[in-house]
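Visitor:
In the numbering used here, the protein residues as written are 236 to 715.
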């Protein structure tokens, strides 16, 4: 059973419950539960004994509970614990009130208390076998739980007792459709419509069967007939939307899904389709709105958290997107798309290509590798791009490290040279060099080529050797 069908099937008990509560109210006002409504089969066979009389106190309390239900239904805000207390009070007043047991079963089922719901349905049938809605609800519960054989047995039991029951026949048809036996499904659906021409349950089975077999024209014909019969049924508007999607008419399909939400604003399948269409159109704020409504109904939906992360990413809220990806992975570690979307964010936004490469590879492995993903899949291009960035960063880092090492080496060599110059002894001076004057004012000395020091001024005038005769034309120095 696919997910959409499961949700659709879960609506049936609630719709049946609503009609039964109204019927219970009518019965109490007229003759009360003391006079059960008998089908023609029951009247002929006489297998069902006469119902036990119901106390007036129980009747009054039952009617009070029904009125509370009707008021909450109009307000679209159910307080199930308070309704439960009211119906229990009626049942405590008279244990034979089968309708109270049935309604307690519906309330328990709506709160997710499956075992408690089954117990109330069984108690209702034990007290009043003609209350076949209880058997139908139990069959739907078994079907949703995957116990197809148990559901079939319950439906067949109802049909044996009530051969003209259209609802059980239509629900049995849905099981055959899910098993791929469309001929049997269509036969049972037509049989249900012969007994009840207004059975939208049978019409829905036929719509899904035609869709399965890609007979879109027939599916649309039946769907439009269903909408005319019950325009307040969101599932029929949703079915029209699905057909239009198959015809690639997205604009009209969107209108049908929105019509379903106008009828019932918490109808999850239409929120799912509208969220997907919004993501495809990159209308991320609208996608966020629908995804939030989905998570209000089922906060444990990993796919919804993943898509909400995509919507946040499209709006530039990257940290929120990461949080949604994390939540999706917690709920379903096998959801491969989480790795792909997280990798894209790390690759394109967070400048973490190394981690992105790991996640791209993980996604490819989880998706089945090259067998499941074609060579044209975008993930391979993203992987190559991220790997190229990683290699470029690695090379740049290596070049930067080499430059730093070279700079450090040069600085070290310069420091060594400067240290060596400070600590080295003075180099011997070659002949003919001038020794600068000392700090005491001693005049500089000139060492002649022969190596003998010139006499100091205190020793008298130096001896003139081989001195050329004075030029008579030169004036004499008269300062001495």
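Beta carbons: idealized from backbone N, C-alpha and C, even for Gly.
Could you spell out the range, first to last residue, of the alpha helix (DSSP H) harbouring residue 552?
Guide: Premise fails: residue 552 is in no alpha helix (DSSP H) and is neither H nor E.
Visitor: Just to confirm, are residue 329 and residue 358 a CB contact at a threshold of 8 Å?
Guide: No. Outside cutoff.
Visitor: Out of 530, 298 and 512, which one is the CA nearest neighbour of residue 323?
Guide: Here the closest residue by C-alpha is 298.
Visitor: Taking all protein chains shown into account, decide if residue 584 is buried (16 or more other Cβ within 10 angstroms of its Cβ) or exposed.
Guide: Under this definition residue 584 is an exposed residue.
Visitor: Closest by CA to residue 326, which one among 307, 289, 580 and 420?
Guide: Nearest C-alpha to residue 326: 289.
Visitor: Taking residue 392 as the reference, which of 440, 382 and 403 has the closest Cα?
Guide: Checked all of 440, 382 and 403; the closest Cα to residue 392 is 403.
Visitor: Can you tell me whether residue 499 is helix, strand or coil according to DSSP?
Guide: Of the three classes helix, strand and coil, the one that applies to residue 499 here is coil, per DSSP.
Visitor: Using three-state DSSP, classify residue 461 as helix, strand or coil.
Guide: Helix at residue 461.
Visitor: Threshold first: 4 residues or longer. Then list the alpha helix (DSSP H) segments lying entirely within the segment 284–351, N to C.
Guide: Counting only runs of 4 or more, we get 291–310, 315–328 and 333–345.
Visitor: Determine, using beta carbons only, whether residue 399 and residue 435 come nearer to each other than 8 Å.
Guide: Result no, Cβ atoms of residue 399 and residue 435 do not sit closer than 8 Å.
Visitor: Rounded to whole angstroms, what's the CA-CA distance from residue 555 to residue 573? Just pull it up for me.
Guide: Using only the alpha carbons, I get a separation of about 14 Å.
Visitor: Taking the C-alpha atoms as reference points, what is the distance between residue 340 and residue 498?
Guide: Distance between the alpha carbons of residue 340 and residue 498 is about 26 Å.
Visitor: Between 450, 365, 374 and 432, which lies nearest to residue 410 when the distance is taken from Cα to Cα?
Guide: Among 450, 365, 374 and 432, the Cα nearest to that of residue 410 is on 374.
Visitor: For residue 588, count the other beta carbons within 10 Å of its own beta carbon; 16 or more makes it buried, fewer makes it exposed. Which is it?
Guide: Looking at its Cβ environment, which holds 16 or more other Cβ atoms inside 10 Å, residue 588 is buried.
Visitor: DSSP three-state call for residue 614: helix, strand or coil?
Guide: The answer is helix: DSSP assigns residue 614 an H, G or I state.
Visitor: At the level of alpha carbons, what is the spacing between residue 562 and residue 503?
Guide: When rounded, the distance between both Cα atoms is 20 Å.
Visitor: CA-CA distance, residue 314 and residue 338?
Guide: C-alpha separation (whole angstroms): 14 Å.
Visitor: Is it buried or exposed, residue 660, if we count other Cβ atoms within 10 angstroms and call 16 or more buried?
Guide: Residue 660 comes out exposed.
Visitor: What does the alpha-carbon distance come out to for the pair residue 462 and residue 472?
Guide: Using only the alpha carbons, I get a separation of about 7 Å.
Visitor: Between residue 652 and residue 560, what straight-line distance do the alpha-carbon atoms span, to the nearest angstrom?
Guide: In a straight line, the C-alpha of residue 652 is about 60 Å away from that of residue 560.
Visitor: Let's test the definition: count the other Cβ atoms within 10 Å of the Cβ of residue 312 and tell me whether it reaches 16, buried, or not, exposed.
Guide: It is exposed - the Cβ of residue 312 has fewer than 16 other Cβ atoms within 10 Å.
Visitor: Starting from residue 412 and walking both ways along the alpha helix (DSSP H), at which residues does that stretch end?
Guide: Start and end: 401–413.
Visitor: Please state if the CB of residue 529 and the CB of residue 506 are separated by a distance shorter than 8 Å.
Guide: Contact flag set, yes.
Visitor: Just the Cα atoms here: how many angstroms apart are residue 466 and residue 491?
Guide: The straight-line gap from Cα to Cα measures roughly 12 Å.
Visitor: With DSSP collapsed to three states, give me the class of residue 516.
Guide: Three-state DSSP puts residue 516 in coil, outside helix and strand.
Visitor: Applying the criterion that 16 or more other CB atoms from any shown protein chain within 10 Å of the CB defines a buried residue, is residue 248 buried or exposed?
Guide: With a pLDDT of 29 at residue 248, under the threshold of 50, the modelled position of that residue is not reliable, and no figure is offered here.
Visitor: With distances taken from CA atoms, which of 431, 482, 422 and 429 is nearest residue 441?
Guide: Nearest of 431, 482, 422 and 429 to residue 441, Cα basis: 422.
Visitor: Hey, would you say residue 600 sits closer than 8 Å to residue 608, going by beta carbons?
Guide: Cβ atoms of residue 600 and residue 608: not closer than 8 Å.
Visitor: If I'm right that residue 526 touches residue 510 with Cβ under 8 Å, what's the distance once you round it to whole angstroms?
Guide: That pair is a contact at about 5 Å.
Visitor: Using the Cα positions of residue 617 and residue 456, report the straight-line distance between them to the nearest angstrom.
Guide: C-alpha separation (whole angstroms): 45 Å.
Visitor: With DSSP as the reference, label residue 363 as helix, strand or coil.
Guide: It is coil, neither helix nor strand.
Visitor: Compute the distance between the beta-carbons of residue 446 and residue 437, then report whether it is under 8 Å.
Guide: The answer is no: Cβ separation not under 8 Å.
Visitor: Looking only at C-alpha atoms, which of 541, 450, 448 and 475 sits nearest to residue 460?
Guide: Checked all of 541, 450, 448 and 475; the closest Cα to residue 460 is 475.
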